[in-house]
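Participant: Here the working numbering is used: the first residue of the sequence shown is 310, the next is one more, and so on. Ideal Cβ placement from N, Cα and C applies to all residues, glycine included. Bear in mind that the values here come from a model prediction, so they are computed numbers and not experimental data. A single structure is presented below for examination.
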Amino acid sequence: MTRVLAACALLALAACQNPLLELLPNDPSPDAEICRREALNDPNVRRIRESNVYDNTSQQFIVRRELREALPRAYDNCMLRRGAVPAGGVERVRRTDW
């Protein structure tokens, strides 16, 4: 019985994948996994995610745009701190769609 419950819990977790992870690279390295978690818990990203704009469509677009910029920035900063990527280079291409 406990195995069935554990399997159901794992399936439920897989179904509830965070859509914000689509904004981050799908790198399987341990550094990338740590930085994805750190980026989702970044204070600036959490502040943007917690903004209450459910009734205002124009504000929702602004919040989405801010998330598209803040989340990769937090991820890149973490990867630089951990030494997983070299400093410098070109700026990431900014997406225009959600």
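How many whole angstroms separate the CB atoms of LEU376 and LEU333, which I take to be in contact at a CB cut-off of 8 Å?
Facilitator: Residue mapping note: residue 376 aligns to position 67 of the sequence shown, counting from 1. Residue mapping note: residue 333 aligns to position 24 of the sequence shown, counting from 1. Not really, about 11 Å apart at Cβ, beyond 8 Å.
Participant: Are the segment 352 to 363 and the segment 393 to 404 touching, with three or more C-beta to C-beta distances below 8 Å?
Facilitator: no
Participant: Would you report the Cα separation of VAL408 and ARG346, rounded to the nearest angstrom?
Facilitator: Beyond the ends of the chain as shown, which are 310 and 407, falls residue 408; an answer cannot be given.
Participant: Nearest by alpha-carbon distance to PRO352: which of ALA383, GLY397, PRO337, MET388 is it?
Facilitator: The residue labelled residue 352 in the question sits at position 43 within the sequence shown. Per the Cα distances, ALA383.
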